[in-house]
Amino acid sequence: ITSQVPQAASSPAASTSQVPQAASTDASEDIMCTICQDTITDEASINQCSHIFCFACILEWSRRNAVCPICRCPFQYIYLYPK
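Be aware that the sequence shown starts at 1, since it is given in UniProt numbering, and climbs by one per residue.
Structure follows, in C-alpha coordinates:
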(Lines of atoms letter the chains of each structure in order from A; the text may use other names.)
(Lines give C-alpha, C1' and ligand atoms only; values in the text may rest on other atoms or scores of the structure.)
Protein backbone atom coordinates (compact mmCIF):
# COMPACT_ATOMS: atom_id res chain seq x y z
CA ILE A 1 0.00 0.00 0.00
CA THR A 2 1.37 3.38 -0.97
CA SER A 3 1.29 6.20 1.55
CA GLN A 4 1.36 9.86 0.62
CA VAL A 5 1.11 11.35 4.12
CA PRO A 6 3.44 11.54 7.11
CA GLN A 7 4.04 8.20 8.81
CA ALA A 8 2.07 9.17 11.94
CA ALA A 9 -1.15 9.59 9.94
CA SER A 10 -0.91 6.41 7.89
CA SER A 11 -2.55 3.15 8.85
CA PRO A 12 -1.58 -0.42 8.05
CA ALA A 13 -4.89 -1.16 6.31
CA ALA A 14 -5.34 2.05 4.28
CA SER A 15 -3.36 5.17 3.52
CA THR A 16 -4.43 8.78 3.27
CA SER A 17 -3.85 11.63 0.88
CA GLN A 18 -5.27 15.09 0.34
CA VAL A 19 -7.24 15.81 -2.82
CA PRO A 20 -6.97 19.57 -3.43
CA GLN A 21 -9.23 19.60 -6.51
CA ALA A 22 -12.12 17.83 -4.77
CA ALA A 23 -15.09 20.02 -3.98
CA SER A 24 -16.30 19.81 -0.40
CA THR A 25 -20.02 19.53 0.19
CA ASP A 26 -21.90 22.46 1.68
CA ALA A 27 -21.34 22.41 5.46
CA SER A 28 -24.85 23.77 6.02
CA GLU A 29 -26.26 20.43 4.84
CA ASP A 30 -25.15 18.79 8.13
CA ILE A 31 -24.11 15.51 6.58
CA MET A 32 -24.05 12.72 9.15
CA CYS A 33 -21.16 10.30 9.58
CA THR A 34 -22.44 6.73 9.61
CA ILE A 35 -19.61 5.67 11.94
CA CYS A 36 -20.03 8.16 14.81
CA GLN A 37 -23.65 9.17 13.99
CA ASP A 38 -22.72 12.86 14.34
CA THR A 39 -22.27 15.75 11.91
CA ILE A 40 -19.16 15.23 9.78
CA THR A 41 -16.27 17.38 11.00
CA ASP A 42 -13.29 16.86 8.65
CA GLU A 43 -14.87 15.45 5.49
CA ALA A 44 -13.12 12.43 3.99
CA SER A 45 -14.03 9.78 1.44
CA ILE A 46 -12.59 6.46 0.38
CA ASN A 47 -11.27 5.68 -3.09
CA GLN A 48 -13.54 2.84 -4.23
CA CYS A 49 -17.12 3.94 -3.46
CA SER A 50 -16.72 7.62 -2.44
CA HIS A 51 -18.87 7.32 0.69
CA ILE A 52 -18.19 10.24 3.06
CA PHE A 53 -17.19 10.05 6.74
CA CYS A 54 -15.36 12.06 9.41
CA PHE A 55 -11.65 11.73 8.67
CA ALA A 56 -10.85 10.53 12.21
CA CYS A 57 -13.69 7.98 12.11
CA ILE A 58 -12.74 6.36 8.80
CA LEU A 59 -9.04 6.41 9.70
CA GLU A 60 -9.74 4.51 12.94
CA TRP A 61 -12.12 2.18 11.10
CA SER A 62 -9.44 1.42 8.47
CA ARG A 63 -7.01 0.31 11.16
CA ARG A 64 -9.36 -2.58 11.93
CA ASN A 65 -10.71 -3.34 8.47
CA ALA A 66 -10.16 -1.47 5.19
CA VAL A 67 -13.68 -1.98 3.85
CA CYS A 68 -16.41 0.64 3.57
CA PRO A 69 -18.70 0.50 6.63
CA ILE A 70 -21.68 1.22 4.33
CA CYS A 71 -21.22 -1.01 1.27
CA ARG A 72 -18.31 -3.26 2.44
CA CYS A 73 -16.24 -2.36 -0.64
CA PRO A 74 -12.48 -2.75 0.08
CA PHE A 75 -10.42 0.45 -0.18
CA GLN A 76 -6.77 1.53 -0.16
CA TYR A 77 -6.92 5.32 0.25
CA ILE A 78 -8.71 7.90 2.35
CA TYR A 79 -9.11 11.31 0.72
CA LEU A 80 -9.26 14.32 3.04
CA TYR A 81 -11.23 17.21 1.56
CA PRO A 82 -9.95 20.78 2.02
CA LYS A 83 -11.94 23.07 4.27
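For each residue, glycine too, the CB sits at the ideal point set by N, CA and C.
So is residue i buried or exposed if we call it buried at 16+ other beta carbons inside 10 Å?
i: residue 54; result: buried
i: residue 33; result: buried
Figure out for me which residue from the options has the closest Cα to the Cα of residue i.
i: residue 104; options: 56, 32, 51, 80; result: Outside the modelled stretch of the chain, which goes from 1 to 83, sits residue 104, for which no answer is possible.
i: residue 40; options: 47, 49, 48, 58; result: 58
i: residue 81; options: 65, 42, 31; result: 42
By DSSP's criteria, residue i is part of a beta bridge. Which residues make up the other side?
i: residue 45; result: 52, 79
i: residue 74; result: 67
i: residue 39; result: 32
My guess is that residue i and residue j are in contact by the Cβ rule of under 8 Å, so how many angstroms apart are they, rounded?
i: residue 68; j: residue 46; result: 6 Å
i: residue 56; j: residue 79; result: With 8 Å as the limit, residue 56 and residue 79 do not qualify as a contact, their Cβ atoms being about 14 Å apart.
i: residue 74; j: residue 37; result: Contact doesn't hold; Cβ gap of about 23 Å is too wide.
Check residue i in the structure and name its three-state DSSP category.
i: residue 58; result: helix
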